[in-house]
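Asker: Sharing a structure with you now.
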Amino acid sequence: MRLLIPREITPLETRVALVPETVAKLAKSGFEVIVESGAGTAASFPDEQYQQAGATVAAGLRDAYARAELVVKVREPIANPALGAHEADLVPDGATLIAFLGRDRQSDAVTRLAARRVTAFSMEMIPRTSRAQKMDALSSMASIAGYKSALIAANALPKYFPLLMTAAGTIPPARAFILGAGVAGLQAIATCRRLGAQVEAFDVRPAVKEEVQSLGATFIGLELLTGEGVGEGGYAKELSADHQQKERDLIAARLEKTDVCITTANIPGKRAPLLLTTAMVERMRPGSVIIDLAAESGGNCELTRAGEVVDHRGVRIHGILNLPAQMPYHASQLYSRNVQALLQLMTKDGTLALDWEDDIIRDTCIHRPAAGAAVEAGRAS
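Each residue of the sequence shown is one higher than the one before, starting from 85 at the first, in the working numbering.
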């Protein structure tokens, strides 16, 4: 089976779908791997490494697409100005594509792929089960985002993070408050702790309390742990209006003493919950920093602007997008391993062997051709 790794053309995207380490394993298992020239350059994987791994480096993208039976990307297909064509329209009729395609079966990319009878798998829809853990690209990227968010916060804060005892006196540690203790939140907690900050964290899910405490952070809000916020697959779910107000009251009381607030709350398929209002931000001390990891889905802070840094009365709110692309080497490596694990399930001896009774294959598929039309093939997990 001929597998194509195109160069990502989404603005500011630096990751590559498969790295040489994974390509070498796929080549040994029977795949013919084609890599667009320069696909891994931004992630520090030059063409020569792909060639050494057994891949063919292609200079002409149209020809490479025309030969592909399986296309693996990081981001969803978009219009390619250089070719005057949409990436989805370049995928051969009846081929298979794997990428972060979201959960919307009616999106432009998925609609275009459906028109070409492409079997499309969305990495966002990997089920959150123990069996699928090694394929869970969302968790891989969230871990990187949590780590990087703490570093950005430390860089932006006009204070030391750690406790320091100097000849000029003692410097107290910075106080960090992490909202949401999923993969990103836990990594943010761990990184802030390593940097020396005093860390508090809040989450609506009772099960994460011990994880937060095991990292040396203080769990806030035990009185609000009712289990109401736990959704399918362990994700957070939308809370009642009364519970949301109690949550905001608790958060507001902590923010007055907080130097750094990192928000990570997301609900799959919905707008991110609003946790920080303008009034709450105005109670924070000047120089404080907010890193909103939910900026892409609307933001946890009322003042967040996606892709921008907003200064509101001396408090800086960072609406950073696509943090994993700021660490493309390891982000690509982890994503590549996630995809490889999925391919091991989907293929045998280098050819597709899709078992639609398998819950991972079924649930991850966002479009499966059936008489030229889309059919339901899975659920958003």
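Every residue gets a Cβ at the ideal spot worked out from N, C-alpha and C, and that includes glycine.
#1: Any idea what DSSP makes of methionine 249, helix, strand or coil?
#2: When you compare each of Ile401, Gln410 and Glu380 to glycine 186 by their alpha carbons, which one comes out closest?
#3: CB-CB under 6 Å to alanine 221, same chain, minus the five flanking residues each way: which ones, in chain order?
#4: Out of Ala237, Lys354, Ala291 and Met364, which has the shortest C-alpha to C-alpha gap to histidine 402?
#5: Could you give the DSSP three-state label for leucine 359: helix, strand or coil?
#6: Report the residue ranges of all alpha helix (DSSP H) runs contained in full by the stretch 358-402; include only those spanning at least 4 residues, in chain order.
#7: Using the C-alpha atoms, what's the distance from isoleucine 93 back to phenylalanine 303?
#8: Counting pairs of Cβ atoms below 8 Å between the stretch 189-207 and the stretch 229-247, do you hit three or more?
#9: Using DSSP with H/G/I as helix, E/B as strand and the rest coil, what is arginine 452?
#10: Anyone know if the C-beta pair for leucine 429 and valine 344 falls short of 7 Å?
#11: With distance defined between alpha-carbon atoms, name the residue in Ala349, Gly264 and Tyr244 nearest to alanine 258.
#12: For my contact list, tyrosine 149 and valine 175 are in at a C-beta cut-off of 8 Å; report their separation, rounded to the angstrom.
#13: Look at the Cβ atom of threonine 347, then the Cβ atom of leucine 359, and state whether they are nearer than 7 Å.
#14: Where does glutamine 190 land, buried or exposed, given buried means 16+ other C-beta within 10 angstroms?
#15: Tell me the rounded alpha-carbon separation between alanine 363 and leucine 279.
#16: Using 10 angstroms around the beta-carbon of alanine 301, count the other beta-carbons present and answer buried if the total reaches 16, otherwise exposed.
#17: Out of Ala199, Ala142 and Arg151, which has the shortest C-alpha to C-alpha gap to histidine 170?
#18: Can you tell which of Arg86, Pro90 and Gln282 has its C-alpha closest to the C-alpha of asparagine 164?
#19: Quick test of the definition: if touching needs 3 or more C-beta pairs under 8 Å, does the stretch 253-268 touch the stretch 328-342?
#20: Assuming glutamine 297 is part of the alpha helix (DSSP H), what are its boundary residues?
#21: Throw me the rounded Cβ distance for the isoleucine 118 and arginine 159 pair, which I believe falls under 8 Å.
Answerer: On the basis of the supplied data:
#1: Of the three classes helix, strand and coil, the one that applies to methionine 249 here is strand, per DSSP.
#2: Closest option to glycine 186, judged by alpha-carbon separation, among Ile401, Gln410 and Glu380: Glu380.
#3: The residues Met207, Tyr419 and Asn422, in chain order, have a CB closer than 6 Å to that of alanine 221 in the same chain once the five nearest residues on each side in sequence are set aside.
#4: Relative to the Cα of histidine 402, the nearest Cα in the group Ala237, Lys354, Ala291 and Met364 belongs to Ala237.
#5: Three-state DSSP puts leucine 359 in coil, outside helix and strand.
#6: The alpha helix (DSSP H) runs of length 4 or more contained entirely in the stretch 358-402 are, from start to end of the chain, 362-365.
#7: Roughly 41 Å between the two C-alpha positions.
#8: The stretch 189-207 makes no contact with the stretch 229-247; the number of CB pairs closer than 8 Å stays below 3.
#9: The answer is strand: DSSP assigns arginine 452 an E or B state.
#10: No, these two residues do not count as a Cβ contact at 7 Å.
#11: Each of Ala349, Gly264 and Tyr244 was checked against the Cα of alanine 258, and the nearest Cα belongs to Tyr244.
#12: Contact check for tyrosine 149 and valine 175: beta-carbon distance about 7 Å, within the 8 Å limit, so the pair qualifies.
#13: In this structure, leucine 359 lies closer than 7 Å to threonine 347 by Cβ.
#14: Label assigned to glutamine 190: exposed.
#15: The alpha-carbon separation between alanine 363 and leucine 279 amounts to approximately 29 Å.
#16: Flag for alanine 301 reads buried.
#17: Nearest option by C-alpha distance: Ala199.
#18: Cα-wise, what sits closest to asparagine 164 is Pro90.
#19: With a cut-off of 8 Å, the stretch 328-342 and the stretch 253-268 count as touching, because enough Cβ pairs lie within range.
#20: Residues 293-298.
#21: In this structure isoleucine 118 is not in contact with arginine 159, their Cβ atoms being roughly 19 Å apart against a cut-off of 8 Å.
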